[in-house]
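**Q** Protein sequences, first through last, are from chains A and B. Just so you know, we're using my numbering here: the first sequence kicks off at 799 and counts up by one. Just so you know, we're using my numbering here: the second sequence kicks off at 94 and counts up by one. Here it is: the structure, laid out below.
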Amino acid sequence: MTSLFYKIFPHTSDLGIEVSAFSLIDLFKNAAMAIMDLVVEPASVAKQDVIELNVQAENRELLFREWLSEILYFVFVKEYLFQSFRITKLDSHSLNAIASGEKIDYRRHKLKRELKSITYHQLQVSEVDGKWTGRFVIDV
Amino acid sequence: MSNIELIKISEQLWEIPQIAAMRVPGRIFATEKLLEAIRNDESLKQVVNVAHLPGIVGFSYAMPDIHWGYGFPIGGVAAMNLDEGVISPGGVGYDINCGVRLIRTNLDIESIKPQIKNIIAAIFNHVPSGVGSHGAIYNLSKAQLVQVSQKGAQWAVEQGFGESNDLKFIEDRGSLAGSQPDVISARAFERGASQMGTLGSGNHFIEVSRVAEIFDEKAATAMDLFLNQMVIIVHTGSRGFGYQICDDFLKVTMQAAKKHDIFLPDRQLACAPLNSQEGKDYLGAMRAAANFAFANRQVIHTLIEKALLQALKISPRELGFRPVWDIAHNIAKIEEHQFQDKKIKVCVHRKGATRAFAPNHPDLPPEYKAIGQPVLIPGDMGTESYLCVGTEKAMQETFGSSCHGAGRVLSRHAAKEKARSMNFLAELEKSGVYVLAQEKGTIAEEMPFAYKDVRQVVETMHRAGITKKVARFTPLGVVKG
């Protein structure tokens, strides 16, 4: 499975994801969309509700993980699916975003898999010549 | 590809010499053939990384089903001394007390074979499985979850799931003492509330199997097993409750590692001294999650029993349903072991590894005192699984630990790609295994070719004298999440 904005890198037991973008904001957005793409067919999700997401962390990499963990929480605990993300504030320690989506309706939404957690293993956010790359391993 | 230097100790045992900042050498149980697969990923590097942790005693061990995990390798064992040692949530994993239960019945496989599809369908309908499934006991309150986290399988029995006699056939009687619900986050309680009695997805399964071969009559008889008997294998854990506790305490222990100036070769090895507040809190929270998992498997046990009674229209007496054993394979435990002629207390991390206590160990029920602790080693869903018992050698050489499964060789993504061109459900059925799953993708990821040959894994530990083979099971039907 490879899309325009993320690819799966080999990891024996879990799921390695590499996301790329031309800005840090887009990297965070694309990583969030990658999570949604792994969980559900994005086209089946409507923009019915708006949820505010706010996360804090010690540095940019940890913030990246925290952001993705927050999305997992909303998907697997609050049972929300998102179709788009608008990041309204991003610095090295905090992120505010507006996510648009809807409550899971098990008759319409076929969930592809359970994602247990975003690990710290091989977690990386880097920039080379204006291209941003984020790598993370998901425990599945 | 790993080019880490290995010294051959025997046909089944290899050593990674202690170099640089390693505190102990590494020890890998594997044949040369298994090592070829092991060298293909980063797992040996992870054995080396674990060897850096403070207070590690003896060796950083890897079982023959070792494969690349996060932080610890899956199939890793590490014992830490209680004074200078650490406890690491990554050394237990997100699915705290992920484990296996083997259940016996009175039924001969030939008598149920024509009904296997009905049986699998009944189990599938009785046990909530797959992503987003809600529990058999829907929406537990926080007060109820506190009870679960303190009582474990006993709680399930009190709610009418099974009998108190079941408890003696569960590791630690299905309840770890020292659980501390007060250090668990609101999110963990929220995540666990609707998941009691759910199988989950990924590699979790329920399997209907046949006792295909018995290697040790005495042990098999003690466990009430006979040739061609129908048995059930359940593989699941603490669900979202455990995942969240692990996630929460990785943050706590990352700070603790900084505070206590502990070098971490991988952030996922975040740990705290066992005698620090952070370490004690994690141990208490981990035990709570372990108890959730014991309760979960006890609830599922009873749901399967109901499904079978309904599908087969027989009485409980005719069915003769009871656990043979229930083990944890993602856990950290304080245990007493003999080490270099001294009795010491250590915290044994088993990450994708199974406890394998020898005969006469005080923690064994009277029924199993003479044979040793049952060790359950499920293979992939297309081939076979094994029941073994722990030995005195396991006590001397691996802090009473052995392997836990076949061990992956292909990533889930690669397995899915490989399965793309196959009609894998039909192929499994052709080989005599009927599978029902919520998600077809999960079956593709878990196809037999994604795993090592479980026979080689089990044989390695048998020849090394760590565990002894008792019985071999072949699957007839599988429920996947």
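Built from N, CA and C at the ideal position, the CB exists for glycine as well.
Would you list the one or two residues that DSSP bridges to residue 851 of chain A?
**A** For residue 851 of chain A, which the question treats as bridged, DSSP gives the partners A/895.
**Q** Based on the DSSP output, what are the partners of residue 121 of chain B in its beta bridges?
**A** DSSP lists B/107 and B/155 as partners of residue 121 of chain B.
**Q** So, using beta-carbon positions, are residue 119 of chain B and residue 153 of chain B closer together than 8 Å?
**A** Contact: yes.
**Q** Within 10 angstroms of the Cβ of residue 477 of chain B, are there 16 or more other Cβ atoms? Answer buried if so, exposed if not.
**A** Looking at its Cβ environment, which holds 16 or more other Cβ atoms inside 10 Å, residue 477 of chain B is buried.
**Q** Report yes if the CB atom of residue 312 of chain B is closer than 8 Å to the CB atom of residue 563 of chain B, and no otherwise.
**A** A contact, by the Cβ cut-off of 8 Å.
**Q** Report the rounded CA-to-CA distance for residue 554 of chain B versus residue 573 of chain B, giving the unit in angstroms.
**A** For residue 554 of chain B and residue 573 of chain B, the distance between alpha carbons rounds to 28 Å.
**Q** Let me see if you follow: with CB-CB separation under 8 Å, is residue 507 of chain B close to chain A or not?
**A** Yes, residue 507 of chain B counts as interfacial toward chain A.
**Q** Residues bridged to residue 540 of chain B by DSSP?
**A** BP columns for residue 540 of chain B are empty, so no partner.
**Q** Less than 8 Å between CB atoms is the rule here; does residue 878 of chain A satisfy it with respect to chain B?
**A** With 8 Å as the cut-off, residue 878 of chain A does not count as an interface residue toward chain B.
**Q** Can you give me, in chain order, the residues of the stretch 141-174 of chain B that have a beta carbon less than 7 Å from any beta carbon in chain A?
**A** Under the 7 Å Cβ criterion, the stretch 141-174 of chain B contributes 160, 161, 162, 163, 164 and 167.
**Q** Closer than 8 Å by beta-carbon distance: list the chain A residues that pair up with residue 339 of chain B, in chain order.
**A** Under the 8 Å cutoff, chain A gives 915.
**Q** Assuming residue 495 of chain B and residue 449 of chain B make a contact with CB atoms under 8 Å, what is their CB distance in whole Å?
**A** Correct: roughly 4 Å between the Cβ atoms.
**Q** For residue 222 of chain B, which of helix, strand or coil comes out of DSSP?
**A** Coil, per DSSP.
**Q** When the Cα of residue 858 of chain A is compared with those of A/872, A/937 and A/930, which residue comes out closest?
**A** It is A/930 whose Cα lies nearest to the Cα of residue 858 of chain A.
**Q** Could you please give the first and the last residue of the uninterrupted alpha helix (DSSP H) stretch that includes residue 939 of chain A?
**A** Lying outside 799 to 938, the shown extent of chain A, residue 939 of chain A is not represented and no answer is given.
**Q** Assess contact between the stretch 176-195 of chain B and the stretch 361-381 of chain B, defined as three or more Cβ pairs (one per stretch) separated by less than 8 Å. Is contact present?
**A** Taking 8 Å as the limit for Cβ pairs, the verdict is that the stretch 361-381 of chain B does touch the stretch 176-195 of chain B.
**Q** With the cut-off set at 8 Å, would you say residue 333 of chain B and residue 531 of chain B are in Cβ contact?
**A** Not a contact, by the Cβ cut-off of 8 Å.
**Q** Alpha carbons only, please: which of A/812, A/810, A/803 and A/843 is nearest the one belonging to residue 819 of chain A?
**A** When each option's Cα is compared against that of residue 819 of chain A, the closest is A/803.
**Q** By DSSP, does residue 499 of chain B sit in helix, in strand, or in coil?
**A** Here residue 499 of chain B sits in coil by DSSP.
**Q** Which whole runs of the alpha helix (DSSP H) in the stretch 445-524 of chain B are 4 residues long or more, in chain order?
**A** Listed in chain order, they are 485-490, 505-512 and 517-523.
**Q** Does any CB atom of chain B fall closer than 8 Å to the CB of residue 811 of chain A?
**A** Yes, its Cβ sits closer than 8 Å to a Cβ of chain B.
**Q** At a Cβ threshold of 8 Å, is residue 178 of chain B touching chain A?
**A** So, not an interface residue.
**Q** For residue 256 of chain B, which of helix, strand or coil comes out of DSSP?
**A** Coil at residue 256 of chain B, not helix or strand.
**Q** Using the rule of at least 16 other Cβ atoms within 10 Å of the residue's Cβ for burial, across every protein chain shown, is residue 800 of chain A buried or exposed?
**A** For residue 800 of chain A, the pLDDT reaches just 48, beneath the cut-off of 50, and the residue's location in the model is therefore unreliable, although a value from the coordinates is still provided. Exposed, since its Cβ has fewer than 16 Cβ neighbours within 10 Å.
**Q** Kindly indicate which three-state DSSP category residue 162 of chain B falls into: helix, strand or coil?
**A** Here residue 162 of chain B sits in coil by DSSP.
**Q** Hey, is residue 304 of chain B's beta-carbon within less than 8 Å of any beta-carbon in chain A?
**A** So no, residue 304 of chain B is outside the interface.
**Q** Relative to the C-alpha of residue 511 of chain B, which residue among B/526, B/539 and B/493 is closest?
**A** Measuring from the Cα of residue 511 of chain B, the nearest candidate turns out to be B/539.
**Q** Determine, using beta carbons only, whether residue 354 of chain B comes closer than 8 Å to chain A.
**A** Answer no: the Cβ-Cβ gap between residue 354 of chain B and chain A never drops below 8 Å.
**Q** Alpha carbon to alpha carbon, how far is residue 888 of chain A from residue 830 of chain A?
**A** Near 14 Å, if we compare the C-alpha coordinates of residue 830 of chain A and residue 888 of chain A.
**Q** Can you list, in chain order, the residues of the stretch 854-888 of chain A whose Cβ is nearer than 8 Å to any Cβ on chain B?
**A** Hits within the stretch, in order: 867, 871, 874, 875 and 877.
**Q** Compare the C-beta of residue 231 of chain B with all C-beta atoms of chain A and state if any pair is closer than 8 Å.
**A** With 8 Å as the cut-off, residue 231 of chain B does not count as an interface residue toward chain A.
**Q** Where does residue 440 of chain B fall in DSSP's three states?
**A** Here residue 440 of chain B sits in strand by DSSP.
**Q** Determine the DSSP secondary structure at residue 825 of chain A, reduced to helix, strand or coil.
**A** Helix.
**Q** Please list, in chain order, the chain B residues whose beta carbon lies closer than 7 Å to that of residue 912 of chain A.
**A** Within chain B, the residues near residue 912 of chain A are 224, 293, 294 and 295.
**Q** Using the Cα positions of residue 556 of chain B and residue 155 of chain B, report the straight-line distance between them to the nearest angstrom.
**A** Those two C-alpha atoms are separated by around 16 Å.
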